[in-house]
Amino acid sequence: MPELIVDQNGAGQRLDRYLRKVLRAVPVSHLFKMIRTRKVRVNGKRAKAQQVLAVGDKVLLHMPAENFEKDTQRPVRKATSMDFQIRYEDEELLVVSKPPNLPVHPGAGHLDNSLIDQVHAYLEVGPGPAVFRPSLVHRLDKDTSGLVMVGKTIEVVRRLSRMLSDDQVKKSYLALARGVPEPRMGTWDFMVRRKDVPSARRVKTPSRGRKDAVGRTRYRVAITRRVQLSRSETVKMSLLVLRLLTGRTHQIRSHLEQAGFPLAGDRRYGIRELNILLKERYDLRRQFLHAYLLELPHPLSGSPLRITDPYPDDLAALARSLRLGMPKD
Numbered sequence: 000m001p002e003l004i005v006d007q008n009g010a011g012q013r014l015d016r017y018l019r020k021v022l023r024a025v026p027v028s029h030l031f032k033m034i035r036t037r038k039v040r041v042n043g044k045r046a047k048a049q050q051v052l053a054v055g056d057k058v059l060l061h062m063p064a065e066n067f068e069k070d071t072q073r074p075v076r077k078a079t080s081m082d083f084q085i086r087y088e089d090e091e092l093l094v095v096s097k098p099p100n101l102p103v104h105p106g107a108g109h110l111d112n113s114l115i116d117q118v119h120a121y122l123e124v125g126p127g128p129a130v131f132r133p134s135l136v137h138r139l140d141k142d143t144s145g146l147v148m149v150g151k152t153i154e155v156v157r158r159l160s161r162m163l164s165d166d167q168v169k170k171s172y173l174a175l176a177r178g179v180p181e182p183r184m185g186t187w188d189f190m191v192r193r194k195d196v197p198s199a200r201r202v203k204t205p206s207r208g209r210k211d212a213v214g215r216t217r218y219r220v221a222i223t224r225r226v227q228l229s230r231s232e233t234v235k236m237s238l239l240v241l242r243l244l245t246g247r248t249h250q251i252r253s254h255l256e257q258a259g260f261p262l263a264g265d266r267r268y269g270i271r272e273l274n275i276l277l278k279e280r281y282d283l284r285r286q287f288l289h290a291y292l293l294e295l296p297h298p299l300s301g302s303p304l305r306i307t308d309p310y311p312d313d314l315a316a317l318a319r320s321l322r323l324g325m326p327k328d
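If you count the sequence shown from 1, position 74 lands on 73 in numbering that gives the first Met the number 0, and the numbers rise without skipping.
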């Protein structure tokens, strides 16, 4: 009969919730029936659905081994490459640099080889029974590059989620935008008007289905440059340091457009003519948006962490040509 040993990721959870995560294919009603009919025992004793598990507890399941194997299997997704780079790693936390054009999770049109698939392959996470698998704590758009945090344990994921909600994690982005904001430092408070949903839904669904999805973005002008559009016309552009004070889908891109400083290379929220010129002259093929800095106390030790990520290769040529450099803060 299958026996599970509770580890630190399962400790502190009720038995019924623990079993729902492990026996993913078993209906909830059947799990409760197993507990009620004494087909689940903890440390050799009759189990109760609400009892809280501790590290080292032994959960014995009275079920055929072949059923257990079938009911605990997760979908197997392939990681055919290892496209990310590691910027920080210890036993609890992994911070990676995500390249552009790589989705963070599987989705339509990209069922395999997402960032999380690659991370699981790197960490050698198998498809077998598990109450927890290493998880991304936040996301980036597919076309946005930069730093992403991965919690290796459930406790770290919980703590980082709370820290993000309590604004204890400073996430800073670099964005190249048309124009120069005045004042050169401030905060934008706008609704997040998404353009990736049908227009009929857009008013009711500003961001992630929430009708009250007001976003807050803090900005600072780091550098200004002039770009030659033609022999007689130039345009001012700014390298902006942006910090998200809320985390809405497409927040930065929508806010830049609404503020009147559209993001360079952004096919959905930007300016088509400028994007064409930047592509022809500097080979810019996606939005110039890069998550370059994370500052936070370590979720377990509390030690201060400051993790940076340089420009990726596809932005480096334009950054060199315009002498953008990398802001120090």
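We treat Cβ as the ideally placed atom computed from N, Cα and C, and that holds for glycine.
For residue j and residue i, the rounded distance between their alpha carbons
i              : j                : result
leucine 304    : lysine 44        : 45 Å
alanine 48     : phenylalanine 31 : 7 Å
glutamine 84   : glutamate 154    : 24 Å
arginine 177   : aspartate 166    : 29 Å
glycine 11     : alanine 258      : 47 Å
methionine 33  : histidine 297    : 41 Å
alanine 64     : proline 1        : 6 Å
aspartate 188  : leucine 122      : 39 Å
leucine 175    : glutamate 279    : 17 Å
isoleucine 275 : histidine 254    : 22 Å
serine 320     : arginine 16      : 55 Å
Cβ-based burial, residue i [other Cβ within 10 Å; buried from 16]
i             : result
glutamate 90  : exposed
proline 261   : buried
proline 102   : buried
glutamine 7   : exposed
isoleucine 4  : exposed
threonine 79  : exposed
serine 171    : buried
threonine 248 : buried
Range covered by the beta strand (DSSP E) that runs through residue i
i             : result
glutamate 294 : 288–296
valine 240    : 233–243
alanine 221   : 213–227
For residue i, the residue or residues it bridges with in DSSP
i                 : result
histidine 29      : DSSP, once it has assigned bridges, lists no residue as partnering histidine 29.
leucine 273       : In DSSP, leucine 273 forms no bridge with anything.
phenylalanine 189 : Gly214
threonine 307     : Leu292
isoleucine 85     : Val95
Local conformation of residue i per DSSP, three classes
i             : result
leucine 175   : strand
serine 331    : Only positions 0 to 328 of the chain appear in this structure, which leaves residue 331 out of reach.
aspartate 15  : helix
glutamine 7   : coil
arginine 252  : helix
valine 21     : helix
glutamine 117 : helix
Bounding residues of the alpha helix (DSSP H) (the contiguous stretch that carries residue i)
i            : result
arginine 157 : 153–164
tyrosine 268 : Tyrosine 268 -> no alpha helix (DSSP H), and no H or E assigned at all.
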